[in-house]
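Chains as they are written, first to last, in the numbering used here: chain A, 3 to 258; chain B, 3 to 349.
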């Protein structure tokens with residue numbers, strides 16, 4: 003790849019990195035703390051490409067582009083040449099396609115790993131208020147630490163998307179789970195956390211999980227059934243549904 | 003490529019060695035036209051492209067691929083910025099003063115330097131390449147390459163957070179990864195051959211009066227162009243594996259320790275997870291004993307598809323073909339020994 007094309011490509015790569023941070027779509031791929039590094043990387047790429055472009059233009063006597071056609075700086079086999087073209091792929095993906103965040107389809111396709119149960123401090127008191135909102139990972143961690151703890155004595159509100167239960171649900175639970183994906187670095191390491199749903203008041207009758215048209219996000223008020231979320235059920239507690247409402251996909255879409 | 007005058011000089015040098023008749027310098031814009039053509043074609047075909055990528059597992063793979071690129075590019079840029087700073091402001095003589103002259107001693111010193119540089123594996127490849135370019139013994143640069151992503155404070159803290167019930171995992175990981183870096187470094191110092199590393203790596207930056215800041219920006223630019231494509235290649239491979247390997251395979255491994263060690267070692271190579279995230283994935287595979295999960299954590303930052311692609315780009319294919327299998331074997335052996343030492347029979 004010639005020098006002038008390299009400059010253009012680097013500006014494009016840097017440009018899409020800046021773009022996804024500014025429009026917020028970076029949260030589909032990485033954690034919120036990555037905003038600053040991704041933005042900085044984009045700015046660095048654009049800057050070094052523009053400086054090189056300016057220096058090339060100021061030196062019209064020596065042809066700036068022709069020399070590097072076969073990338074002689076990299077030895078006779080010119081390895082770096084063709085591979086650089088691959089950088090077009092993320093540019094096209096982010097400019098034209100912008101792949102969606104992982105959701106229930108990822109659970110079906112890859113059967114995402116189950117999240118570790120004890121990644122969050124489980125012994126802090128529950129937040130105050132009526133039915134405090136809790137992350138699914140938080141609920142799973144608390145029941146793993148104590149299946150009969152305070153988490154089973156108060157109502158909580160959880161947000162996630164509906165999916166069919168992966169394995170046979172325990173007695174009393176419907177075949178429906180509420181799930182969320184947890185990432186620790188980027189979407190490549192996504193793991194699923196799930197709660198089985200018990201539905202004594204028949205509130206979820208006829209409600210189906212999201213399909214090809216997208217995930218069905220819900221906020222569920224409920225109470226964790228005491229004694230669930232142990233190694234016996236694979237650390238998937240059962241939540242008894244008291245009320246629910248459809249919600250938009252949260253931002254960020256993943257739990258951390 | 004560091005300035006046109008140097009490029010012209012290196013052309014003359016290279017072509018006398020390799021090509022009987024040096025190609026006359028051409029001034030064209032073929033690459034630029036091709037790039038515009040690709041962009042234009044993709045824009046015209048946007049709708050079919052979006053539909054093509056919206057099918058089941060392909061959609062998941064596309065997201066994972068973009069995620070790996072977005073996640074790794076900042077670290078790669080950080081690595082090239084460090085590499086550029088080394089090229090512009092740290093003379094080979096200064097590095098020689100810091101490092102012991104004997105490679106056998108330089109290896110542990112360079113490995114210890116990895117302890118304090120919190121970067122992931124993508125950042126360490128351009129830095130290690132630049133260290134070789136600045137005259138650091140190859141064995142020491144390779145020890146740094148292996149140590150920096152595996153045993154820096156961020157990774158060790160992440161491991162401690164991911165394994166709250168098994169704090170000994172942190173020590174075992176530190177031990178296994180440090181042993182991998184040192185053993186590979188010493189083996190390379192003893193048996194490595196200079197010609198395995200592509201010759202252009204050792205060419206120091208030109209001293210032709212180019213201002214320091216220009217050497218810096220040009221090195222950053224050049225290193226990103228060099229490595230970026232290979233990073234994308236590794237991301238493609240890892241995204242494919244991420245979708246194609248059903249995790250149900252792992253459930254059947256619980257009773258077979260040796261098989262589990264082998265499978266987890268291969269999985270670490272194929273998944274190409276960031277070294278700051280792999281501990282959480284290992285922790286989630288709770289059905290497996292600790293030893294195979296430790297192997298996963300020691301092998302992953304040392305050798306994976308993304309790293310092999312980056313190393314082939316930075317040091318040449320001849321290097322990657324030898325280095326990757328060597329590191330894989332040493333890392334598995336170090337991890338097993340460290341595991342037996344730390345976990346004893348309980349692993």
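Ideal Cβ placement from N, Cα and C applies to all residues, glycine included.
| query | result |
| --- | --- |
| Three-state secondary structure (DSSP) of residue 166 of chain A | strand |
| Close beta carbons around residue 245 of chain B, own chain, < 6 angstroms, minus the five adjacent residues each side | 59, 62, 63 |
| Interface flag, residue 109 of chain A vs chain B, CB-CB below 7 angstroms | no |
| Contact under 7 angstroms by Cβ, residue 194 of chain A with residue 179 of chain A | no |
| When B:146, B:74, B:114, B:139 are compared against residue 129 of chain B, the one with the closest alpha-carbon | B:146 |
| Candidates B:97, B:266, B:311, B:322: closest to residue 298 of chain B by CA position | B:266 |
| Under 8 angstroms by beta carbon: chain B residues contacting residue 165 of chain A | What residue 165 of chain A touches in chain B: nothing, since even the nearest Cβ is about 14 angstroms away. |
| 6 angstroms Cβ shell around residue 178 of chain B - same chain, five flanking residues per side excluded | 300, 336, 337, 340 |
| DSSP three-state assignment for residue 69 of chain A, whether helix, strand or coil | At residue 69 of chain A, the pLDDT of 42 sits below 50, so the modelled position is not reliable and the matter cannot be decided from this model. |
| Within chain B, partners of residue 39 of chain A - CB distance below 7 angstroms | 76 |
| Nearest-angstrom beta carbon gap, residue 230 of chain B and residue 78 of chain B [assumed within contact, 8 angstroms] | 7 angstroms |
| Buried/exposed call for residue 193 of chain B, threshold 16 Cβ in 10 Å | exposed |
| Option in A:128, A:132, A:133 with minimal Cα separation from residue 143 of chain A | A:128 |
| Within 7 angstroms of chain B by C-beta, residues of the segment 157-188 of chain A in sequence order | 186, 187, 188 |
| CB of residue 220 of chain A within 7 angstroms of CB of residue 76 of chain B, strictly | no |
| Neighbour-count burial assignment, residue 247 of chain A, 16 or more Cβ in a 10 Å radius | exposed |
| Proximal chain B residues relative to residue 191 of chain A, where beta-carbon distance stays under 7 angstroms | 275, 279, 282, 283 |
| Segment contact flag, the segment 285-292 of chain B with the segment 321-329 of chain B, C-beta cutoff 8 angstroms, min 3 pairs | no |
| Closer than 9 angstroms at the beta carbon, the chain A residues around residue 136 of chain B | Within chain A, no residue comes near residue 136 of chain B; the closest Cβ sits about 17 angstroms away, beyond 9 angstroms. |
| Backbone CA spacing between residue 261 of chain A and residue 220 of chain B [nearest angstrom] | Nothing can be reported for residue 261 of chain A, as the shown portion of chain A is limited to 3 through 258. |
| Euclidean distance between Cα positions of residue 251 of chain B and residue 269 of chain B | 11 angstroms |
| N- and C-terminal bounds of the beta strand (DSSP E) containing residue 222 of chain A | 219-226 |
| Other residues of its chain near residue 90 of chain B: CB distance less than 8 angstroms, five sequence neighbours each side excluded | 207, 214, 215, 217, 218, 221 |
| Chain B within 7 angstroms of residue 4 of chain A, Cβ atoms only | yes |
| Assigned exposure category for residue 145 of chain A - 16 Cβ within 10 Å defines buried | buried |
| Run of the alpha helix (DSSP H) containing residue 212 of chain B, from where it starts to where it stops | It is not in any alpha helix (DSSP H) - residue 212 of chain B carries neither H nor E in the DSSP assignment. |
| Sufficient close CB pairs (3 or more, under 8 angstroms) joining the segment 136-145 of chain B to the segment 162-170 of chain B | no |
| For residue 127 of chain B and residue 52 of chain B, the rounded distance between their alpha carbons | 34 angstroms |
| Residues that DSSP places opposite residue 255 of chain B in a beta bridge | The partner list for residue 255 of chain B (beta bridge, DSSP) is empty, contrary to what the question assumes. |
| Residue nearest to residue 227 of chain A in terms of C-alpha spacing, selected from A:199, A:140, A:10 | A:199 |
| Test item: CB-CB of residue 305 of chain B and residue 263 of chain B under 7 angstroms | no |
| Reference residue 237 of chain B, options A:157, A:188, A:37, closest by Cα | A:188 |
| Residues near residue 135 of chain A by beta carbon distance below 6 angstroms, same chain, minus five either side | 159 |
| Residue(s) in a DSSP beta bridge with residue 198 of chain A | A:179, A:240 |
| Start and end residues, alpha helix (DSSP H) containing residue 229 of chain A | Where residue 229 of chain A is concerned, there is no enclosing alpha helix (DSSP H), given that its DSSP letter is neither H nor E. |
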